[in-house]
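Report on one structure; see the data block that follows.
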């Protein structure tokens, strides 16, 4: 099943939020556990909805370099106000903000990554900060060889310096690296830089009430239902 | 056995060359395998001997930011000339330079790190570059939670930004981090930044012909014969 042009891949770099872990389901659970008078689905979507605009403020230079933990907290403070929640203490807010460190993996992630690790170097390539990704890996049992983050390159995806940065870290050509992600825009930006790409279907990324179109794009090197299937496609 | 002031440690950051892996023994083996007409002991010591002066050229600003892989290659080219070795092809030189990616762990390292990982977040804090440390971990079976490197902070140890950088990555106070190293100078610089410190005895770091003084320094939080003993001291 392995296309001939995938033979030289050395590094598999994974997008994380939505691709490896279920941010929507995990944040919903965290909100539910707080017994707030809000729709946990709407709260999760609003928190994630603030993510791209917050990074855009960094990309545009309006904000200096700011870690995702801090952007998540800025968005959280805004949506707590928007949802009229005034009962949380500072300690509770800090704990809730670290919910992103405790996101749970999709059911196929740990097995799939373990199999891929036997034949490839597997790393993260996430806009999440290093501390967040390390805590998440330890909590969820994600067996990364290396944690790479926008924090290492001081640029947020889809800046080319992030995708090309992975190749540079490992002293490889861009085509020796494959980005694995559940988002076509991320993959398109990686392709522009010469990386190979694999799309992972996550139809419930935004919850069961908002099914995502997971149609293939033939520009990707591979298209897999999940990470276990990707492992089989890559002969692991 | 755990001193009371070690109770809050969250992160164990490890120096690598000499502390976790046996650079002298590994480089000697690589040189021996090439059947060159040189003393492999002297060659290994000369290669390592160029390391601090090369980093000093970066620290002083004489050289711009340069990865250890590239510094290792600059030193290699110099000592090949010094030792009168003219028989290596470019491919052989490139392979030999990556010997630092293949350094073998001290016999206690894999077991000790595995035990420590059960209770702490364990990471590297090495002047080695990320690609080197990742290849080494995969080759030697070192189970890091996270690979931190001078490359992340763009400063070489003993710059305070490296030690404080570890605390910052994990959003912790310096005293929540312990540096583990076989070199008193590295530990002293970490202590200056408020980190806790553990010394590991590696009497044969420079080979069996040049035994290193491994006397304790009472300024360190802990002093352990090896990493397995450190794990026991930290109740792992």
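Chains as they are written, first to last, in my numbering: chain A, 22 to 257; chain B, 22 to 257. Where a beta carbon is used, it is the ideal one built from N, C-alpha and C, also for glycine. Everything numeric in this text was worked out from a predicted model, so none of it was measured.
- At a Cβ-Cβ threshold of 8 Å, residue 114 (chain A) and residue 148 (chain A) do not count as neighbours.
- Beta-bridge analysis with DSSP links residue 243 (chain A) to A:219.
- Judged by DSSP in its simplified three-state form, residue 49 (chain B) adopts helix.
- Short of 7 Å from the beta carbon of residue 193 (chain A), and not among the five residues preceding or following it, lie these beta carbons of its own chain, in chain order: 31 and 32.
- Remark: fewer than three beta-carbon pairs, one from each stretch, lie closer than 8 Å, so the segment 236 to 254 of chain A and the segment 168 to 178 of chain B are not flagged as touching.
- In the structure shown, residue 206 (chain A) adopts helical secondary structure according to DSSP, grouped into three states.
- Contact note: residue 159 (chain B) reaches chain A through 142 and 166, using a C-beta cutoff of 7 Å and chain order.
- For a Cβ distance threshold of 8 Å, residue set 90 and 152 of chain B lies close to residue 192 (chain A), ordered along the chain.
- According to the DSSP assignment, residue 35 (chain A) belongs to the beta strand (DSSP E) that extends over 32 to 35.
- Around the beta carbon of residue 108 (chain A), fewer than 16 other beta carbons lie within 10 angstroms, which makes this residue exposed.
- Sorting A:58, A:223, A:48 and A:196 by C-alpha distance to the C-alpha of residue 120 (chain A) places A:48 at the top.
- In this structure the segment 57 to 76 of chain B does not lie against the segment 124 to 131 of chain B, because fewer than three pairs of beta carbons, one per stretch, are closer than 8 Å.
- Taking 7 Å as the Cβ-Cβ cut-off, the segment 220 to 236 of chain A has no residue approaching chain B.
- The alpha-carbon separation between residue 233 (chain A) and residue 221 (chain A) amounts to approximately 12 Å.
- In terms of CA proximity to residue 82 (chain B), B:176 leads the group B:190, B:176 and B:195.
- Linking residue 207 (chain A) to residue 219 (chain A) through their CA atoms gives a straight-line distance of about 11 Å.
- Beta bridge pairing from DSSP links residue 87 (chain B) with no other residue.
- Residue 43 (chain A) is positioned such that its CB atom lies no closer than 8 Å to that of residue 146 (chain A).
- Per DSSP, residue 74 (chain B) has no beta-bridge partner at all.
- Taking a beta-carbon distance threshold of 8 Å, residue 155 (chain A) counts as an interface residue toward chain B.
- Short of 6 Å from the beta carbon of residue 180 (chain B), and not among the five residues preceding or following it, lies no beta carbon of its own chain.
- For residue 106 (chain A), there is no enclosing beta strand (DSSP E), as DSSP gives it neither H nor E.
- Scanning B:231, B:106 and B:216 for the CA closest to the CA of residue 35 (chain B) turns up B:216.
- Scanning its chain for C-beta atoms nearer than 6 Å, with the 5 sequence neighbours on each side dropped, one finds around residue 135 (chain A) the residues 164, in chain order.
- Here residue 147 (chain A) carries a strand assignment [DSSP, helix/strand/coil].
- Apart from the 5 residues on each side of it in sequence, residue 61 (chain B) sits with its Cβ closer than 7 Å to the Cβ of 49, 52 and 53 in its chain, given in chain order.
- Here residue 158 (chain A) is near residue 166 (chain B), since their CB atoms are less than 8 Å apart.
- By a beta-carbon distance limit of 8 Å, residue 188 (chain A) contacts residue 197 (chain A). Their separation comes to about 7 Å.
- Neighbours of residue 79 (chain B) in chain A, taken as residues whose beta carbon is under 9 Å from its own, are absent, since the nearest beta carbon is some 18 Å off.
- The alpha carbon of residue 254 (chain A) has as its nearest neighbour, out of A:86, A:37, A:238 and A:140, the alpha carbon of A:140.
- Residue 250 (chain A) has a beta carbon lying at 8 Å or more from every beta carbon in chain B.
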